[in-house]
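Here the protein sequences line up with chains A and B, keeping their order. If you want my numbering, it's the 1-based position in the first sequence plus 88. If you want my numbering, it's the 1-based position in the second sequence plus 88. In this text, a Cβ means the ideal position worked out from N, Cα and C, and glycines have one as well.
2 protein chains.
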Amino acid sequence: MEYRISEKLKNLKPSAIREIFKSLTDPRIIAFAAGNPAAESFPAEFIEKKAAEILHNSPVAALQYSITEGYPALRTAVKKRLSDAFGIGRDFDETIITSGGQQGLELACKVMCDEGDVVISEDPSFIGALNAFRSCGARVVGVKTEEDGIVIEELEAALKLNPRAKLLYMIPTFHNPMGITTSAEKRSAVYALAKKYGVLILEDNPYGELRFSGRDVPTIKSIDEEGIVIYCGSYSKVLSSGMRLGFLCAPAEVMSKIVVAKQVEDVHTNILSQMICESFVTSDQYLPHLEKIRALYRRKCALMLDAMDKNFPDDVKYTRPEGGLFLWCTLPSGFVLDEFVQTALKNEVAVVPGTAFNCDTTAASDSFRLNYSTPSDEQITRGIEILGRLLKDRK
Amino acid sequence: MEYRISEKLKNLKPSAIREIFKSLTDPRIIAFAAGNPAAESFPAEFIEKKAAEILHNSPVAALQYSITEGYPALRTAVKKRLSDAFGIGRDFDETIITSGGQQGLELACKVMCDEGDVVISEDPSFIGALNAFRSCGARVVGVKTEEDGIVIEELEAALKLNPRAKLLYMIPTFHNPMGITTSAEKRSAVYALAKKYGVLILEDNPYGELRFSGRDVPTIKSIDEEGIVIYCGSYSKVLSSGMRLGFLCAPAEVMSKIVVAKQVEDVHTNILSQMICESFVTSDQYLPHLEKIRALYRRKCALMLDAMDKNFPDDVKYTRPEGGLFLWCTLPSGFVLDEFVQTALKNEVAVVPGTAFNCDTTAASDSFRLNYSTPSDEQITRGIEILGRLLKDRK
């Protein structure tokens, strides 16, 4: 039988990252291509103890159907943390729990975009988000992004050109894949443009709790007086990725539709995990735990950057992240990205080619993404030495 | 700001059931309107013990990112059970784990339907499925359904009338809301028509393990030689609803797209719960546990039917389910459904009006759904007496 797959899914390919992931099952490969949090970042003992407690004392609450919006006590805890640490939450906002940050992105797009509507995005950007938008039938339009964030003039040109733009997708803090942070000035400029053109901002901040150097820059949502920002967060990097817990904060009118869309997507998010999460983030262990993770990534990022400073030729450029999990490395002329990535893999180092993050899937790239949270210290040192050798060995 | 919500979500209302659910927080209300499994149906002790074991022995596997298709050992267990108990699974099929049966339905529609495409459904049908289809921009076309299943002539007429039909949604076993089971003859006829018109069947079987009387009828998927059936199952009624675990079995070509759509929807399903589920369904406790639940619902359903036989006037008609959680009650002339449902609620009995399950949301109904898994025995007896009194008190 010839299957009449929908137009929007027909041409959607599995993410290149996940394909590269498969090579990562080979233990000889040094995995700079992954995006997994370090195993040490999971508070496993706490989770074990608390799961037992909850299942012993409240088995029915933990195992029965629950409400779509999420476990009320966890929603309260999220709201408090968003307000305390990120200046987020006005009277017109609502906060719900999602099945990972990923679901928040997909729901926001589904609720706002009909097929053919446009999502404007930083270019490059997180492949999981771009494909979520495509899976909803939206068209992704990329805007060039530099060290201090999206190029404002090009953003305005894209907004003018695309009256069907409904969403502006941004990862302003510790960007994936670039590892950059958008300046406060650019955040204000982006907000003003979104307001002017009647486009909602989808602010994705999965790494927001992972600042390990530099100074906080206010979230875009914190300056949202008009109710035009949907803010998306995640517990994948600070509690457990496998639990699939995230959250959304958005104006109530938009949120009421997001809740309907979530209800028919998975009814609600796994409730036992929500209960465990709530007890962790309201415990006195949470803030010290965040400090521990930040210290871990501060050290690992510095280790990678030091090795790059030592081993990479001067004309190889790379970002110096102040948080998050990734940095972005740009090849000098004389290299073909695909060949370099393949050669690296042959030399047992996996990196993700920049093409995987392009908004235009046919566009070229001269950059690749490196991750420092997954590999061991020894792998970081050895892997960067190998890449350095390959980078010196130009034609 | 005026929000430009997508056309497909703009007019989608939260399900009437969930609105009625809110009245159910009142402890005085007898909840015949719910659809929750009985609290006794959760193997809480096993889950508590196993969660502790898994988190102690394999914390990283249980807390780290995992693969979209699902925990491999659970997929193997699902495949085995589908083959052993339901005759399901051919060389061309793939099986994956979903975040509840609900996600399976939504993914199947998203992958097959562009906006404006048609899903044909039994009428009435499960509101969560109908709204999932609508949230994808699909148009739902209902086909009259009787005691032995969908009306075949009307199904063929609908297929002829709707060349944009992509899916035929069916709950052939212990139908929600009707409590009926489609006959083997009608299943074959439905299969033949789907094949003739090039439409995929989406066979939803969340209650398939809950037969408490009568004889098994082969699943439609078991006769699927052409690869035209997507089969959807759930662990919500036999393990835990709050865990949000379900599964899909579909031809590999369709499944490859479903996996892409799932990847961008929630990356993967909560992995700890998948591991707990796997250890339960492969343990020697699973089959006895199923027998225990079947016995429980056999008793509760009989209790409700006996009370109805005793208390309801002869011209009130109702189905006599052989499994599942629901039965369907049709009012005689002289009653207005909405008034009856409101009067029942004033008398502290909540039922769901049939209008909530209509494919055409503007159509009328003379029926309501009753659930026997949630209320206590005493509530069943008392609630049916109250309904009986109201039914006798006609104008």
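| query | Along the chain, where does the alpha helix (DSSP H) that runs through TYR279/A open and close? | reply | To locate residue 279/A, count along the first sequence from 1; it is residue 191. Per DSSP, the continuous alpha helix (DSSP H) segment holding TYR279/A begins and ends at 272-285.
Pull up the distance between the alpha-carbon of MET266/A and that of THR443/A, whole angstroms please. As a working mapping, residue 266/A is identified with position 178 in the first sequence. As a working mapping, residue 443/A is identified with position 355 in the first sequence. Our two residues, MET266/A and THR443/A, have alpha carbons roughly 13 Å apart in a direct line.
*Closer than 8 Å by C-beta to LYS283/B: which residues in its own chain qualify, once you throw out the five before and the five after it? Chain order, please.*
On the second sequence, position 195 is the one that residue 283/B refers to. Here the set comprises GLU314 and ILE316.
message = By the three-class DSSP mapping on this structure, what secondary structure does SER209/A have?
response = Numbered from its first residue, the first sequence carries residue 209/A at position 121. Under the three-state reduction of DSSP, SER209/A is assigned to strand.
Is it a yes or a no for the region 318-327 of chain A touching the region 425-441 of chain A, going by three-plus beta-carbon pairs under 8 Å? Too few Cβ pairs lie closer than 8 Å, so no.
For GLU314/B and chain D, any beta-carbon pair shorter than 8 Å? Structure shown: chain D not included; protein chains present are A and B.
Item to check | ASN358/A, buried or exposed, once every other Cβ within 10 Å from all chains shown has been counted against 16 | outcome: As a working mapping, residue 358/A is identified with position 270 in the first sequence. By the 16-neighbour rule on beta-carbons within 10 angstroms, ASN358/A is buried.
Q. Is the CB of PRO212/B under 8 Å away from at least one CB in chain A?
A. Counting from 1 along the second sequence, the entry for residue 212/B is found at position 124. Taking a beta-carbon distance threshold of 8 Å, PRO212/B does not count as an interface residue toward chain A.
ask   = Alpha carbon to alpha carbon, how far is TYR41/B from ASP211/B?
value = This structure leaves residue 41/B out entirely; chain B is present only between 89 and 483.
4-residue-minimum alpha helix (DSSP H) runs that sit fully inside the region 410-481 of chain A, ordered along the chain:
The qualifying runs are 425-434 and 465-480.
Item to complete: With a threshold of 16 other CB atoms inside 10 Å of the CB of THR164/B, please say whether the residue is buried or exposed.
Response: Here residue 164/B corresponds to residue number 76 of the second sequence, with the count starting at 1. Flag for THR164/B reads exposed.
Practice task
Tell me where the beta strand (DSSP E) around TYR257/B begins and ends.
Solution key: As a working mapping, residue 257/B is identified with position 169 in the second sequence. Start and end: 253-258.
- Beta-bridge partners of PRO339/B, as assigned by DSSP: Within the second sequence, numbered from 1, the residue matching residue 339/B stands at position 251. Beta-bridge annotation (DSSP): PRO339/B is paired with ASP181/B.
DSSP state of THR357/A mapped onto helix, strand, coil: As a working note, residue 357/A is residue 269 in the first sequence. In the three-state scheme derived from DSSP, where H, G and I count as helix and E and B as strand, THR357/A is classed as coil.
inquiry  = Pull the bridge partners of GLU291/B from the DSSP assignment, please.
reply    = Sequence index remark: in the second sequence, residue 291/B carries index 203 (1-based). In the DSSP output, where bridge partners are listed per residue, GLU291/B has MET258/B and TYR319/B.
- I think TYR153/A touches GLY330/B, with their Cβ atoms under 8 Å apart; what is that distance to the nearest whole Å? In the first sequence, counting from the first residue as 1, residue 153/A sits at position 65. In the second sequence, counting from the first residue as 1, residue 330/B sits at position 242. Yes, they are in contact, since the Cβ atoms of TYR153/A and GLY330/B sit about 6 Å apart, within 8 Å.
- Give the DSSP-derived three-state secondary structure of ALA245/B in the structure shown. Residue mapping note: residue 245/B aligns to position 157 of the second sequence, counting from 1. Collapsing the DSSP output to three states places ALA245/B in a helix.
Taking 8 Å as the limit between beta carbons, can you name the residues of its chain near LEU195/B, skipping five residues before and five after? Here residue 195/B refers to the residue found at position 107 when the second sequence is read from its first residue. THR186, LEU336, ILE346, ALA349, LYS350 and GLU353.
Since GLU234/B is in the beta strand (DSSP E), which residue starts that stretch and which ends it? Counting from one through the second sequence, the residue named residue 234/B turns up at place 146. Per DSSP, GLU234/B belongs to the beta strand (DSSP E) from 227-234.
Return helix, strand or coil for ALA122/B, following the three-state DSSP convention. Working through the second sequence from its first residue, we reach residue 122/B at position 34. The DSSP-derived three-state label of ALA122/B is coil.
Check: What residues are listed by DSSP as bridge partners for ILE238/B?
Finding: Here the question's residue 238/B lines up with position 150 in the second sequence. According to DSSP, ILE238/B bridges with THR233/B.
query = Is ALA408/B helix, strand or coil by DSSP?
reply = Numbered from 1 along the second sequence, position 320 holds the residue referred to as residue 408/B. It should be pointed out that residue 408/B corresponds to Arg in this sequence rather than to Ala. In this structure, ARG408/B counts as coil in the three-state DSSP scheme.
* Please determine, among GLU133/B, GLN190/B, ILE268/B and GLU136/B, the residue with the shortest C-alpha to C-alpha distance to ARG408/B. => Stepping through the second sequence from its first residue, residue 408/B is reached at position 320. Here the closest residue by C-alpha is ILE268/B.
Hey, how far is the Cα of ILE311/A from the Cα of LEU281/A?
-> Here the question's residue 311/A lines up with position 223 in the first sequence. Here the question's residue 281/A lines up with position 193 in the first sequence. C-alpha separation (whole angstroms): 13 Å.
Given this structure, state the Cα-to-Cα distance separating SER209/A from LEU378/B, to the nearest angstrom. As a first step, residue 209/A is located in the first sequence; it is residue number 121 there, counting from the start. As a first step, residue 378/B is located in the second sequence; it is residue number 290 there, counting from the start. Roughly 50 Å between the two C-alpha positions.
Practice item. Kindly list, in the order they appear in chain B, the residues whose Cβ is closer than 7 Å to that of SER371/A. Key: Position 283 of the first sequence, counted from the first residue, corresponds to residue 371/A. Correct list: empty, because the minimum Cβ distance to chain B is about 17 Å.
- Item | Nearest neighbour of PRO420/B, chosen from GLY476/B, PRO463/B and LYS388/B [CA to CA] | Mapped onto the second sequence, residue 420/B falls at position 332. Comparing alpha-carbon positions, the option among GLY476/B, PRO463/B and LYS388/B lying closest to PRO420/B turns out to be GLY476/B.
Q: Given a cut-off of 8 Å, decide if LEU290/A and LEU193/A are closer than it, judged by their beta-carbon atoms.
A: Within the first sequence, residue 193/A is the residue found at index 105, counting from 1. Within the first sequence, residue 290/A is the residue found at index 202, counting from 1. Yes, these two residues count as a Cβ contact at 8 Å.
* Asked: Thinking just about the alpha-carbon of each residue, which of CYS224/B, GLY216/B, CYS197/B and SER213/B is nearest to the one in GLU203/A?
  -> As a working note, residue 203/A is residue 115 in the first sequence. Relative to the Cα of GLU203/A, the nearest Cα in the group CYS224/B, GLY216/B, CYS197/B and SER213/B belongs to CYS224/B.
Check your understanding: Ends of the alpha helix (DSSP H) at LEU97/B?
Key -> Working through the second sequence from its first residue, we reach residue 97/B at position 9. First-last of the alpha helix (DSSP H) with LEU97/B: 95-98.
- Answer yes if the region 379-393 of chain B comes into contact with the region 450-464 of chain B, meaning at least three C-beta pairs across the two stretches below 8 Å, and no otherwise. Enough Cβ pairs lie closer than 8 Å, so yes.
List the residues that DSSP assigns as beta-bridge partners of GLY334/A. Taking the first residue of the first sequence as 1, we reach residue 334/A at position 246. In DSSP, GLY334/A forms a bridge with THR186/A and SER322/A.
| message | For the alpha helix (DSSP H) containing ARG299/B, name the first residue and the last one. | response | To locate residue 299/B, count along the second sequence from 1; it is residue 211. No alpha helix (DSSP H) holds ARG299/B; DSSP gives it neither H nor E.
(message) Below 7 Å on C-beta distance, what does MET89/A contact in chain B?
(response) Taking the first sequence and counting its residues from 1, one reaches residue 89/A at position 1. Residues of chain B passing the Cβ test: GLU314, GLY315 and ILE316.
field: VAL424/A burial status per 10 Å Cβ neighbour count (16 or more: buried)
entry: As a position in the first sequence, residue 424/A is number 336, starting the count at 1. When all chains shown are included, VAL424/A counts as exposed.
- Query: Is the Cβ-Cβ distance between LEU162/B and GLU366/B less than 8 Å?
  - Reply: For the purposes of this step, residue 162/B is taken as residue 74 along the second sequence, with counting starting at 1. For the purposes of this step, residue 366/B is taken as residue 278 along the second sequence, with counting starting at 1. Against a cut-off of 8 Å, the Cβ pair of GLU366/B and LEU162/B comes out as a contact.
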